[in-house]
Amino acid sequence: MAISEVKIFDDEGNELAPNEVGTVWMSMGADRSFEYYKDKKKTDETFRENFFTVGDAGYLDEDGFLFLVDRKTDMIISGSVNIYPAEIESVLLTHPKVGDAAVFGIPHDDWGEEVKAVVEPAAGIDPGPALADELMAFAAERLAKYKLPKTIDFVPELPRDPNGKLYKRKLRDPYWQGREKAI
0 MAISEVKIFD DEGNELAPNE VGTVWMSMGA DRSFEYYKDK KKTDETFREN FFTVGDAGYL
60 DEDGFLFLVD RKTDMIISGS VNIYPAEIES VLLTHPKVGD AAVFGIPHDD WGEEVKAVVE
120 PAAGIDPGPA LADELMAFAA ERLAKYKLPK TIDFVPELPR DPNGKLYKRK LRDPYWQGRE
180 KAI
């Protein structure tokens, strides 16, 4: 007897076939014990019958194994294409001159969003155009063209909370001031 169940749904609520990326929904049976602290509206929005979501994007393979792709709120939509920042961050983080990296969408008048990378150089590495070019070439060897950052900015340190979680919103929000987020 399963204690929990996982399904993947598209934005219209249709269950997806194996290997199709969508929103991860979970059920712990008839017990609806998951809730957001003091936020009934948010709790209600995250439930569909006995299933709830925390906003992860992922897929189930043919054997039923779950693979998480990214947080749905971090997904970049550029020219109707879904781009998952975690994949790009993973590539950048393998470069020896990168200490930390964040990738997110910024406004683009024609495409909705474009890919932006913000990099914390590794200790002793000087940021600048030469490093940006090196990282772009490195990424181009490992990612599809549409996933490549259009630009790379450098910061001395990426903002993280005491638990190490990246404050991506602090990096992203200045680019969106006075603009409506595409997603």
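Going by numbering that gives the first Met the number 0, the first residue of the sequence shown is number 0, and it counts up by one from there. Beta carbons: idealized from backbone N, C-alpha and C, even for Gly.
Closest Cα partner of residue i within the set the options
i	options	result
residue 84	78, 95, 93 and 71	71
residue 54	3, 92, 112 and 42	42
residue 156	122, 136, 77 and 141	122
residue 19	47, 60 and 35	60
residue 17	57, 98, 138 and 154	57
residue 12	3, 4, 52 and 27	52
residue 15	74, 141, 99 and 63	63
Cα-Cα separation between residue i and residue j, rounded to whole angstroms
i	j	result
residue 152	residue 116	6 Å
residue 126	residue 150	13 Å
residue 22	residue 131	33 Å
residue 94	residue 39	43 Å
residue 10	residue 104	20 Å
residue 178	residue 91	28 Å
residue 45	residue 8	13 Å
residue 171	residue 112	12 Å
residue 176	residue 36	29 Å
residue 78	residue 108	10 Å
residue 142	residue 89	11 Å
residue 137	residue 25	37 Å
residue 128	residue 162	32 Å
Buried or exposed by the 16-neighbour rule on C-beta atoms within 10 Å, applied to residue i
i	result
residue 134	buried
residue 87	buried
residue 139	exposed
residue 169	exposed
residue 73	buried
residue 148	buried
Sub-8 Å separation of residue i and residue j beta-carbons
i	j	result
residue 102	residue 145	no
residue 50	residue 6	yes
residue 184	residue 76	The shown model of the chain, from 0 to 182, leaves out residue 184, and the question about it has no answer.
Short CB-CB distance (under 8 Å) between residue i and chain B
i	result
residue 34	No chain B appears in this structure, which consists of one protein chain only.
Practice prompt. Note down, one range per segment and in chain order, each beta strand (DSSP E) of at least 3 residues found wholly within the segment 5-76.
Written response: 21-26, 55-59 and 65-70, all fully within the segment 5-76.
Fill in: Length at least 3, wholly inside the segment 86-166: the beta strand (DSSP E) runs in chain order
97-107, 111-120 and 150-153
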